[in-house]
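Following: one structure in structure tokens, then a few remarks.
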Amino acid sequence: MTIDNFTRSRRLRRTSNIRKMVSETKVSVEDLIYPIFVTQGTGIKKEITNMPGQFHYSVDQLPEAIEEVVSLGIPAVMVFGIPGTKDLRGSGADDPEGIVQQGVRQIKKDFPDLTVITDVCLCQYTTDGHCGLVIEGEVVNDPSLERLASIAVSHAEAGADMVAPSEMMDGRVLWIRRGLDEAGYQNVAIMSYSVKYASSFYAPFRGAVNSAPSFGDRKTYQMDPGNRLEAKRQVAIDLEEGADILMVKPALSYLDIIRDVKGTAPLAAYHVSGEYAMFKLAAKNGLIDETAGMVEILTSIKRAGADLILTYFAKEMAEHLLKDSIGHSNNSTGDKLKITDNRINSTDHIKNCREFG
Ligand SMILES: [Zn+2]
0 MTIDNFTRSR RLRRTSNIRK MVSETKVSVE DLIYPIFVTQ GTGIKKEITN MPGQFHYSVD
60 QLPEAIEEVV SLGIPAVMVF GIPGTKDLRG SGADDPEGIV QQGVRQIKKD FPDLTVITDV
120 CLCQYTTDGH CGLVIEGEVV NDPSLERLAS IAVSHAEAGA DMVAPSEMMD GRVLWIRRGL
180 DEAGYQNVAI MSYSVKYASS FYAPFRGAVN SAPSFGDRKT YQMDPGNRLE AKRQVAIDLE
240 EGADILMVKP ALSYLDIIRD VKGTAPLAAY HVSGEYAMFK LAAKNGLIDE TAGMVEILTS
300 IKRAGADLIL TYFAKEMAEH LLKDSIGHSN NSTGDKLKIT DNRINSTDHI KNCREFG
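Sequential numbering from 0 applies to the sequence shown in numbering that gives the first Met the number 0.
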């Protein structure tokens with residue numbers, strides 16, 4: 000190599016078209032899972048404090064909310080419930096008339112093709128707000144397993160396609176798999192929160208579902224943020240117990256962990272409420288461009304190795320991807336696609352994309 004003959008990397012950065020052609024990582028709408036909060040009552044669509052743009056929906060408001068998700072081409076939702084009452088054993092969690100069960104039935108009735116995943120945990124439903132049962136001031140592991148299996152089965156009965164245990168009790172995937180199989184739900188998949196850290200970034204979510212623990216913290220069951228090798232062990236355990244999809248949570252401060260545990264099983268990452276909220280606030284205050292920052296964040300999570308991303312940005316990202324592809328199509332093939340009222344007719348979009356090959 001001489002001073003007149005050095006490598007010109009900038010050739011492939013020259014135009015937007017070329018940059019897209021050689022882009023190594025693209026987030027697509029099929030990667031996105033939208034978390035949605037269902038609450039008791041009727042006529043409720045209430046914005047969640049500290050999670051701008053996210054809402055609590057009563058069951059009767061779900062059809063409209065889910066219609067938007069489906070029209071954007073998002074393939075899956077993760078359902079969280081906010082029950083009306085709580086008790087020591089979290090009875091609302093596996094009640095056939097519980098809030099998640101009602102919500103799942105409503106969603107599957109109107110949108111049978113949408114993949115419905117349910118969060119399996121006790122913390123929203125118990126008076127002490129811990130993710131497992133509490134006996135004499137201690138979060139007990141083994142007595143919690145039966146409750147978790149029962150919750151998973153009741154979600155499957157309501158129509159859930161996948162259940163997602165998030166409570167970090169040992170043995171839960173095994174117990175839930177066995178419970179589902181014995182109840183005849185061999186085809187219901189388990190997306191396990193395999194690697195869930197005791198993170199400060201969950202704070203806005205806890206406010207959203209009113210699940211802050213009444214005593215202590217969650218460090219006796221969630222992982223220490225400094226632990227990397229333990230993440231590999233957790234993933235191996237979950238795979239052995241029968242998990243179909245693994246998850247790392249949170250995503251953004253744990254990109255190295257996502258990369259570490261990426262293996263042959265599908266991997267999800269949860270871009271959590273605190274990560275969402277702090278970025279939203281920065282964007283709202285004009286510190287960062289919201290769309291560009293959102294794309295960069297979600298791309299980084301995918302680049303690290305996530306196949307699926309749970310994110311409160313799912314709708315905005317899907318909308319961005321549709322606009323982007325339409326802009327691209329319009330440039331190359333003329334004005335065949337229409338954007339109306341900032342929203343795209345996804346059926347037309349899919350049809351037209353097929354036409355464009
Ligand atoms: Zn929990």
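No residue lacks a Cβ here, since even glycine has one placed at the ideal position from N, Cα and C.
Item to check | Where the alpha helix (DSSP H) through Y192 begins and ends | outcome: Careful: Y192 lies outside any alpha helix (DSSP H), inside the beta strand (DSSP E) at A188 to K195.
Checklist entry - Just the Cα atoms here: how many angstroms apart are F5 and L11? => result Approximately 15 angstroms between the Cα atoms of the pair.
Checklist entry - Where are the alpha helix (DSSP H) runs, 4 residues long or more, that stay fully inside the segment 198 to 249, in chain order? => result Listed in chain order, the complete alpha helix (DSSP H) runs (minimum 4 residues) inside the segment 198 to 249 are 202 to 208 and 228 to 240.
Item to check | Residue ranges of each alpha helix (DSSP H) within the segment 31 to 89, 4 or longer | outcome: Taking only runs of at least 4 residues, the alpha helix (DSSP H) segments lying wholly in the segment 31 to 89 are 61 to 70.
Checklist entry - Roughly how many angstroms separate the alpha carbons of Y220 and L307, rounded to a whole number? => result Looking at the two C-alpha atoms, the distance is approximately 24 angstroms.
Checklist entry - Cβ of S165 versus every heavy atom of ligand 1: is any distance shorter than 7 angstroms? => result Here the distance from the Cβ of S165 to the nearest heavy atom of ligand 1 is below 7 angstroms.
Checklist entry - Quick one, are the C-beta atoms of V152 and G178 less than 8 angstroms apart? => result With contacts defined as CB atoms closer than 8 angstroms, V152 and G178 qualify as a contacting pair.
Checklist entry - Residue range of the beta strand (DSSP E) that L266 falls in? => result In the DSSP assignment, L266 falls within the beta strand (DSSP E) that extends over L266 to H270.
Checklist entry - Would you say V294 reaches chain D, if we count a Cβ-Cβ gap shorter than 8 angstroms as a contact? => result No chain D is present in this structure, which holds just one protein chain.
Item to check | P34 versus G241 - alpha carbon distance | outcome: Taking the Cα positions, P34 is about 24 angstroms away from G241.
Item to check | V115 - partner residues in DSSP beta bridges | outcome: DSSP output for V115 lists V76 as bridge partner(s).
Checklist entry - Nearest-angstrom Cα distance between M293 and K44? => result C-alpha separation (whole angstroms): 24 angstroms.
Next on the checklist: So for I134, helix, strand or coil by DSSP?
Outcome noted: Residue state, collapsed to three classes: strand.
Next on the checklist: Using only CA atoms, which one of E239, I98 and P142 lies nearest to D59?
Outcome noted: Nearest of E239, I98 and P142 to D59, Cα basis: I98.
Checklist entry - Just to confirm, are G158 and R88 a CB contact at a threshold of 8 angstroms? => result No, they are not a contact pair.
Next on the checklist: Looking at the strands, I want to know which residues DSSP matches up with V162.
Outcome noted: In the DSSP output, where bridge partners are listed per residue, V162 has T117 and I189.
Checklist entry - Cβ-heavy atom distance between S210 and ligand 2 below 7 angstroms? => result Ligand 2 is not among the ligands present in this structure, which contains only ligand 1.
Checklist entry - Looking at the structure shown, is N4 part of a helix, part of a strand, or coil, going by DSSP? => result Of the three classes helix, strand and coil, the one that applies to N4 here is strand, per DSSP.
Checklist entry - According to DSSP, what are the bridge partners of L307? => result The partner list for L307 (beta bridge, DSSP) reads A267.
Next on the checklist: Quick check on the burial criterion: 16 or more other C-beta atoms within 10 angstroms. Buried or exposed for S199?
Outcome noted: It counts as exposed.
Checklist entry - Within this structure, are the beta carbons of L266 and L245 separated by less than 8 angstroms? => result The beta carbons of L266 and L245 sit closer together than 8 angstroms.
Checklist entry - Should G356 be labelled buried (16 or more other beta-carbon atoms within 10 Å of its own) or exposed? => result Low confidence applies here, because G356 scores a pLDDT of 37, under 50, leaving its location unreliable; read the following figure in that light. Its Cβ having fewer than 16 others within 10 Å, G356 is exposed.
Checklist entry - Going by C-alpha distance, which of Y184, A182, T114 and D141 is nearest E166? => result Among Y184, A182, T114 and D141, the Cα nearest to that of E166 is on D141.
Item to check | Buried or exposed by the 16-neighbour rule on C-beta atoms within 10 Å, applied to T263 | outcome: Exposed, by the Cβ-count rule.
Checklist entry - Would Q100 be called buried (16 or more neighbouring beta carbons within 10 Å of its own) or exposed? => result So Q100 counts as buried.
Next on the checklist: Please report the distance separating the alpha-carbon of G91 from that of P82.
Outcome noted: Between G91 and P82, the C-alpha separation is close to 7 angstroms.
Item to check | For M20, the first and last residue of its enclosing alpha helix (DSSP H) | outcome: Run containing M20: S15 to M20, per the alpha helix (DSSP H) assignment.
Next on the checklist: Out of D160, G136 and G170, which one is the CA nearest neighbour of L147?
Outcome noted: Considering only alpha carbons, the answer is G170.
Checklist entry - By how many angstroms is the C-alpha of S15 removed from the C-alpha of D160? => result It is roughly 39 angstroms from the alpha-carbon of D160 to the alpha-carbon of S15.
Checklist entry - Are the segment 222 to 229 and the segment 270 to 278 in contact at 8 angstroms, needing three or more beta carbon pairs? => result Too few Cβ pairs lie closer than 8 angstroms, so no.
Checklist entry - What's the C-alpha gap between F36 and E135? => result Looking at the two C-alpha atoms, the distance is approximately 31 angstroms.
Checklist entry - So, G128 versus G102, is the Cβ gap smaller than 8 angstroms? => result The answer is no: Cβ separation not under 8 angstroms.
Checklist entry - To the nearest angstrom, how far is it from the Cα of S22 to the Cα of I32? => result Their backbone Cα atoms lie some 23 angstroms apart in a straight line.
Next on the checklist: Just to check my reading of the structure: V271 and Q233 have Cβ atoms closer than 8 angstroms, yes? What is that Cβ distance to the nearest angstrom?
Outcome noted: Incorrect: roughly 18 angstroms between the Cβ atoms, too far for contact.
Checklist entry - On the three-state DSSP scale, how would you describe T24? => result Correct three-state label for T24: coil.
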